[in-house]
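Using the numbering used here, you'd call the opening residue of the sequence shown number 659 and step up by one each time. Glycine is no exception: its CB is placed at the ideal position from the N, C-alpha and C atoms.
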Amino acid sequence: MNTLADLFFHLFGLYLDQQIYSINEVIVLSRLSDSILGAIYIFISAFAYATQTILGKYAFAAGLNPESLLILRFAFTSALLTPYLLLMRIPVIDKSPLVLIQALLFAVEGIMFFYALSQLSASITIVIFFCHPVLVAIMGSIIFKEKLHLYFIWGLLLAVSGVTLVSGVAAGLGQLSPLGLLLIIGSALSYTIYSLISQNIVVKVSPLSITNTLTLGSLLVLLLLFHDLSFLSALTIKSVALVLLMTVLNTLIAVVFFLKGVQKLGAARATLLGTLEPVLAVLLAFTLLNESLSPIQFLGAGLVFLSIFLAVYPSSPKGEKLKKKDCI
């Protein structure tokens with residue numbers, strides 16, 4: 659009898675062990691699927707953002723200029739977002755003064771970016787613009803009195819070196835537009851200030867509400883600066899379709915999938931994976947626009963991409979474990 663009881667309990671124990679193993683396996687697979695799904699979301703977001711310079715070049719070729727492109731893009735974005743926000747009973751705008759300042763910076767950054775894009779190649783524009791993560795890290799550490807990681811210092815040095823090589827400054831500005839270079843550097847600085855203000859805002863409403871506020875505010879700024887709307891009579895189906903595609907890809911899909919990625923991965927890991935964007939943008943420029951970089955410029959681009967990684971590394975799960983000696 660005891661033998662049968664022992665056998666029963668032994669078999670029952672094996673069954674429980676198997677069930678516990680299965681449950682643990684499901685949990686692990688669930689976490690793994692969240693990580694994979696989050697990475698896929700961030701990749702989609704990065705790809706959507708990366709198409710901006712390519713579509714911008716196509717829009718210029720279709721007859722649009724930077725201000726008409728941005729006016730249409732912001733108008734289309736708001737036209738799509740506002741009805742959705744009203745339907746879902748989400749605030750259409752956020753009246754925070756800081757958000758209104760952000761809208762001004764967003765407009766200035768956008769107009770300088772696309773004017774720079776009209777002067778420079780897509781690949782060089784995106785490489786120089788993506789020095790902003792390093793600028794945000796450095797200026798954020800100073801303004802908010804956070805620990806200044808040595809990674810940030812190395813990142814800044816690499817970014818400056820990379821931009822010098824990419825822009826051709828060392829060679830005397832022989833081939834690139836000085837105005838284009840100044841504009842894209844100004845755009846990166848504007849975006850840096852915009853990002854720093856974002857860190858100081860307590861978001862109490864939907865991110866889509868913030869996006870709509872920035873869009874409407876930027877549209878108002880652009881209409882005040884460029885009130886001549888005669889370009890509307892010269893619009894073609896192709897130019898309108900390109901701006902609509904930019905609206906959907908570069909604004910709606912990019913933002914929504916990034917936020918979904920943050921939900922799955924957390925902000926730090928999502929930001930780290932988001933550094934794929936400039937790499938994808940350069941690859942798209944090579945593939946679709948037949949652009950190329952010289953060996954020296956290619957080296958400079960590599961330095962800038964490395965600087966981006968160093969800028970976000972201290973925020974990653976592993977980077978958060980930096981020792982005190984790694985800070986100044």
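Under 6 Å Cβ to Cβ from leucine 814, same chain only, skipping five residues before and after it: list those, please.
Val792 and Ile796
With methionine 904 as the anchor, note down where its alpha helix (DSSP H) starts and where it stops.
895 to 904
Determine the burial state of lysine 753: buried for a count of at least 16 other Cβ atoms within 10 Å of its Cβ, exposed for fewer.
exposed
Determine the direct distance from the alpha carbon of leucine 964 to that of isoleucine 851, and round the result to whole angstroms.
22 Å
Please return the same chain residues whose Cβ sits closer than 7 Å to the Cβ of valine 860, not counting the five positions on each side in sequence.
Residue confidence is low: valine 860 scores 48 on pLDDT, short of 50, so the model does not pin down where it sits. No coordinate-derived value is stated.
Do you know whose CA, among Val766, Leu917 and Pro724, lies nearest valine 901's CA?
Pro724
Would you say isoleucine 751 and leucine 874 are within 9 Å of each other, going by their C-beta atoms?
yes
Leaving aside the five residues before and after tyrosine 716 along the sequence, list all residues of the same chain whose C-beta is less than 6 Å from its C-beta, in chain order.
Leu900
Looking only at its chain, what residues have a beta carbon closer than 6 Å to the beta carbon of glycine 844, apart from the 5 residues adjacent to it on each side?
Result list for glycine 844: Met770, in chain order.
Note down, one range per segment and in chain order, each alpha helix (DSSP H) of at least 4 residues found wholly within the stretch 719 to 767.
724 to 745
Integer-rounded CB distance, given that phenylalanine 732 should sit under 8 Å from leucine 877
4 Å
Within the continuous alpha helix (DSSP H) that includes phenylalanine 787, where are the two ends?
780 to 787
When the Cα atoms are used, what is the spatial distance from glycine 696 to glycine 932?
About 11 Å.
Please state if the CB of leucine 758 and the CB of isoleucine 801 are separated by a distance shorter than 9 Å.
no
Looking only at its own chain, which residues have a Cβ that is under 6 Å from the Cβ of alanine 761, when we skip the five neighbours before and after it?
Leu872, Gly875 and Ser876
If I'm right that asparagine 908 touches threonine 783 with Cβ under 8 Å, what's the distance once you round it to whole angstroms?
Contact flag wrong, Cβ pair sits at about 14 Å.
Could you tell me the distance, in whole angstroms, from the CA atom of valine 920 to the CA atom of isoleucine 698?
11 Å
Glutamate 949 (DSSP reduced to helix, strand or coil):
coil
I'd like to know if the stretch 945 to 952 and the stretch 729 to 747 are in contact, where contact means that at least 3 CB-CB pairs between them fall below 8 Å.
In the pairwise beta carbon analysis, the stretch 945 to 952 is classified as not touching the stretch 729 to 747: fewer than three pairs are separated by under 8 Å.
DSSP three-state assignment for phenylalanine 884, whether helix, strand or coil:
coil
Through-space distance from leucine 881 to glycine 768, alpha-carbon basis:
14 Å
By Cβ distance, which residues of its chain are closer than 6 Å to glutamate 978, with the 5 residues on each side in sequence left out?
Confidence at glutamate 978 is low in this model, with a pLDDT of 47, below 50, so the placement of that residue should be treated as unreliable; the coordinate-derived value is given next. So no residue of the chain qualifies.
Please confirm whether leucine 866 and isoleucine 702 have their CB atoms less than 9 Å apart.
no
Just mark serine 691 as buried or exposed, buried being the case when its beta carbon has 16 or more other beta carbons within 10 Å.
exposed
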